[in-house]
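Following this note's numbering, the residues of the sequence shown are numbered contiguously, the last one being 355. The block underneath contains the structure these notes are about, expressed in structure tokens.
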Amino acid sequence: MRELEEERVPKPLVVIFSMVCDDGIEEIERPIIEGAGADVRVAESMEELEHLAPEMDAAIVANAILGRDFLSRAVRCKVVVRHGMGVDNLDVKAAAELGIMICNVPDFNLEEVSDHALAYALSLARYMPHYNWTIKREKKWHHMSYPVPQRIGRMRLGIVGFGKIGRLLARKAAPLFGEVAAYDPFMNRSAAADQGVRVYDELDDLLRESDIVSLHVPLCDETYHLIDDRRIRLMKPTAHLINTARGPLVDMEALTAALGEGVIAGAGFDVIEGEFSPDLNHPMFAEKRLSFTPHTAWYSSDSLEKLRTIAAEEVRDVIMGRIPVGRVNGVPIRTVGD
């Protein structure tokens, strides 16, 4: 009789709602999660995820915005894993109060993002997006359609945020640029010195003196619109701005206006504020000095496989009572059934 009762105990339910799993979960997620004795389901919409919230023991999500209301209805949920590094779409504070662990997937895309930022820096320095626009849109085939570019070996690349991606970008850029500089109030100065990176104590000074500025800081209250109208207007008229971090770091209204006025030479953005449902008719998309990629800096076959594997392993570890490596809100392990 006891054996029959134990057989009736439902397995933990893991729900996945993520566009990075559009090709299915059979090869990566299912073997890992089911190997821990759990069932796994894919939610096809936010409505389906909300419907499954009271039943799920764990979730893996990408861009879904999970606030206090959603999390409070996920009464069985032990962990939510974000398919990515940033967790600004999740109410981390509410999750902690409700006893739900929040995890991210760190370090899965360091090479890709630093490569993307470097590619932007080189292409902007050589005016490639500008010339491409001029040829295709304005039907001009002339090397003087933009000001004479500066030699890259004489340019200063300024990096805002000297964490893992910032340091990797500095190492890759050092042989190409005349100088690499960085600003980060929490930076490891010895690591910067070892790389020959010039350290700025003030962000405003780095913006004034750099030819290209690349952003690599997390989004929080202190960094929201870190680059606003005032700071954009500190930059050189020949300078370029790159953002492969988080969209709301930059006031896009101010940037669009400044580019239209020729305050700076151009910008390359992989992320924008409100990118989950962007208004592609916004004037910024008609600004020839502003180049976009659709949040693909993280994206490669290697990073995608690593992201999906680690996220599934994080859920597996929580189900099995282990501490996951990507825990961000300090909630202790709760075993399934608690």
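Ideal Cβ positions, reconstructed from N, Cα and C, are used throughout, including at glycine.
{"Check": "Put LEU266 into one of helix, strand or coil per three-state DSSP.", "Outcome": "helix"}
{"Check": "How close, in whole Å, do the beta carbons of ARG325 and CYS38 come, if the pair is a contact with beta carbons under 8 Å?", "Outcome": "7 Å"}
{"Check": "Within the stretch 115 to 144, note down every full beta strand (DSSP E) run reaching 3 residues or more, in order along the chain.", "Outcome": "118 to 120"}
{"Check": "Who pairs with TYR217 in a beta bridge, going by DSSP?", "Outcome": "TYR200"}
{"Check": "Just to check my reading of the structure: LYS153 and MET118 have Cβ atoms closer than 8 Å, yes? What is that Cβ distance to the nearest angstrom?", "Outcome": "Going by Cβ atoms, the distance from LYS153 to MET118 rounds to 49 Å, so no, they are not a contact pair."}
{"Check": "Output the distance between the C-alpha atoms of GLY101 and GLU270, rounded to the nearest integer angstrom.", "Outcome": "27 Å"}
{"Check": "Taking all protein chains shown into account, do 16 or more other C-beta atoms lie within 10 angstroms of the C-beta of VAL92, making it buried, or fewer, making it exposed?", "Outcome": "exposed"}
{"Check": "From SER294 to ALA262, what does the alpha carbon distance come to, in whole angstroms?", "Outcome": "18 Å"}
{"Check": "Using C-beta distances below 6 Å, list every residue in its chain close to ILE182, excluding the 5 sequence neighbours before and after it, in chain order.", "Outcome": "LEU127, VAL130, SER131, HIS233"}
{"Check": "Taking Cβ to Cβ, would you say ASP228 is nearer than 8 Å to MET172?", "Outcome": "yes"}
{"Check": "Measure the Cβ-Cβ separation of GLY103 and LEU186 and say whether it is below 8 Å.", "Outcome": "no"}
{"Check": "On the CB-based measure, 16 or more other CB atoms within 10 Å of its CB, does ILE259 come out buried or exposed?", "Outcome": "buried"}
{"Check": "Leaving aside the five residues before and after ASN121 along the sequence, list all residues of the same chain whose C-beta is less than 8 Å from its C-beta, in chain order.", "Outcome": "VAL98, ARG99, GLY101, MET102, GLY103, VAL104, GLY343, VAL345"}
{"Check": "Would DSSP call PRO311 helix, strand or coil?", "Outcome": "coil"}
{"Check": "Based on the DSSP secondary-structure assignment, which residues constitute the bridge partners of LEU174?", "Outcome": "VAL197, ILE229"}
{"Check": "If you count every other CB in all the chains shown that lies within 10 Å of the CB of VAL165, and 16 or more means buried, which is it?", "Outcome": "exposed"}
{"Check": "Determine which residues share a DSSP beta bridge with HIS257 and list them.", "Outcome": "ILE229, GLY283"}
{"Check": "Quick one: give me the first and last residue of the alpha helix (DSSP H) that ALA328 is part of.", "Outcome": "318 to 336"}
{"Check": "Taking the DSSP output, what are the residues bridged to ASP56?", "Outcome": "LEU30"}
{"Check": "Where do the ends of the alpha helix (DSSP H) carrying ARG99 lie?", "Outcome": "Premise fails: ARG99 lies in the beta strand (DSSP E), 96 to 99, not in any alpha helix (DSSP H)."}
{"Check": "Identify, in the order they occur along the chain, each residue of the same chain with its Cβ nearer than 7 Å to the Cβ of LYS28, setting aside the five sequence neighbours on each side.", "Outcome": "GLY54, ALA55, ASP56"}
{"Check": "By how many angstroms is the C-alpha of VAL288 removed from the C-alpha of GLY264?", "Outcome": "5 Å"}
{"Check": "Taking all protein chains shown into account, decide if GLY175 is buried (16 or more other Cβ within 10 angstroms of its Cβ) or exposed.", "Outcome": "buried"}
{"Check": "Using only alpha-carbon positions, find the residue among ASN106, SER89, ARG225 that is nearest to VAL78.", "Outcome": "ASN106"}
{"Check": "In three-state DSSP terms, what is PHE87?", "Outcome": "helix"}
{"Check": "Can you check DSSP and say which residues form a bridge with ARG344?", "Outcome": "CYS120"}
{"Check": "Just mark HIS257 as buried or exposed, buried being the case when its beta carbon has 16 or more other beta carbons within 10 Å.", "Outcome": "buried"}
{"Check": "In terms of alpha-carbon separation, which member of ASP74, ALA111, GLU46 lies closest to ARG85?", "Outcome": "ALA111"}
{"Check": "Mind checking which residues open and close the beta strand (DSSP E) that includes ILE6?", "Outcome": "Summary: the structure shown does not reach residue 6, with the chain confined to residues 18 through 355, and so no result is reported for it."}
{"Check": "Please report the distance separating the alpha-carbon of ALA361 from that of GLU219.", "Outcome": "Residue numbering for the chain in the displayed model covers 18 to 355; residue 361 lies beyond these limits and cannot be assessed."}
{"Check": "Could you tell me which residues DSSP pairs with ILE244 in its beta bridges?", "Outcome": "VAL267"}
{"Check": "For the alpha helix (DSSP H) containing GLY183, name the first residue and the last one.", "Outcome": "181 to 190"}
{"Check": "TYR148 to LYS157, Cα distance in whole Å?", "Outcome": "9 Å"}
{"Check": "Which value, in whole angstroms, describes the spacing of the CA atoms of LYS305 and THR273?", "Outcome": "10 Å"}
{"Check": "Would you tell me roughly how many angstroms separate the C-alpha atoms of ARG215 and THR255, rounded to the nearest one?", "Outcome": "21 Å"}
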